[in-house]
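Colleague: Before I ask anything, here is the structure I am working with.
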Amino acid sequence: MGAIPEGWGEFGVAAAGATAALAGLLIVAMSVNVAEILATRAVVAGARSTIASLVLAIATSLLLLPPGMTLVGLGVATLVLTGVAIVIQVVGIAAQWTRASEGVTGPVRAFIVALAAVEHVPFLVGGILLVAGLDAGLWGIVAGMVAVVVVSMVNAWALLIEVRR
């Protein structure tokens, strides 16, 4: 079982800090607009999914830090965490599918599914490569974290601004 190559701990520190700050922004946005968010189940599901994705990114970042963490160990943990985030996302998507009366149209649904895939597929690919002992899987995790940050910024904007329109 190979160890995580040197230097990745620094990435973990930076990524954990950035995603934790973004998670804090999201929580503030939700608290400021809680009435508007709770008024629409699809928005609640989107907020829940965004938090789950940020937790995935934070936890995966932190798993780069312990001394002695192996590629396989990180891969297994990444796959488990990604599985949990995907389940939460699927529950949210299913809720949106059944609530067409809340303005969740076909194109919006397709966009939501695409965003979920963009966030989670890199973590899955990275986790699989890491379980196989390939340090290239670390780059899958990087891609997943970047995707989570970008998608979460869009969602934070929606939870801060768009829910008030």
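In the UniProt record's numbering, the protein residues as written are 1 to 165.
Glycine included, C-beta positions come from ideal geometry on N, C-alpha and C.
Here the structure is a predicted model, which means the values were calculated and not measured.
Mark E10 as exposed unless 16 or more other C-beta atoms lie within 10 angstroms of its C-beta, in which case mark it buried.
Modeller: exposed
Colleague: Could you tell me which of A21, W139, R165 and V118 sits nearest to W8, measuring between CA atoms?
Modeller: Out of A21, W139, R165 and V118, W139 has the C-alpha closest to the C-alpha of W8.
Colleague: How do the region 64-79 and the region 114-121 stand: do at least 3 beta-carbon pairs fall below 8 Å, yes or no?
Modeller: In this structure the region 64-79 does not lie against the region 114-121, because fewer than three pairs of beta carbons, one per stretch, are closer than 8 Å.
Colleague: Does the region 15-29 come within contact of the region 59-68, defined as at least 3 CB pairs closer than 8 Å?
Modeller: yes
Colleague: How long is the line joining the alpha carbons of W157 and I51, rounded to whole angstroms?
Modeller: 14 Å
Colleague: With H, G and I counted as helix, E and B as strand and the rest as coil, what does DSSP make of A132?
Modeller: coil
Colleague: If we count the other Cβ atoms within 10 Å of its Cβ and call it buried at 16 or more, is L38 buried or exposed?
Modeller: Under this definition L38 is an exposed residue.
Colleague: So is G144 buried or exposed if we call it buried at 16+ other beta carbons inside 10 Å?
Modeller: Buried.
Colleague: With respect to the alpha helix (DSSP H) encompassing L63, which residues constitute its N-terminal and C-terminal limits?
Modeller: R41 to L63
Colleague: Report, in whole angstroms, the separation of the C-beta atoms of L54 and L81, which I expect to be a contact under 8 Å.
Modeller: That pair is no contact at about 12 Å.
Colleague: If you draw a straight line from the alpha carbon of G126 to that of A147, how long is it in whole angstroms?
Modeller: 13 Å
Colleague: Given a cut-off of 7 Å on the beta-carbon distance, is the pair L129 and A29 in contact?
Modeller: no
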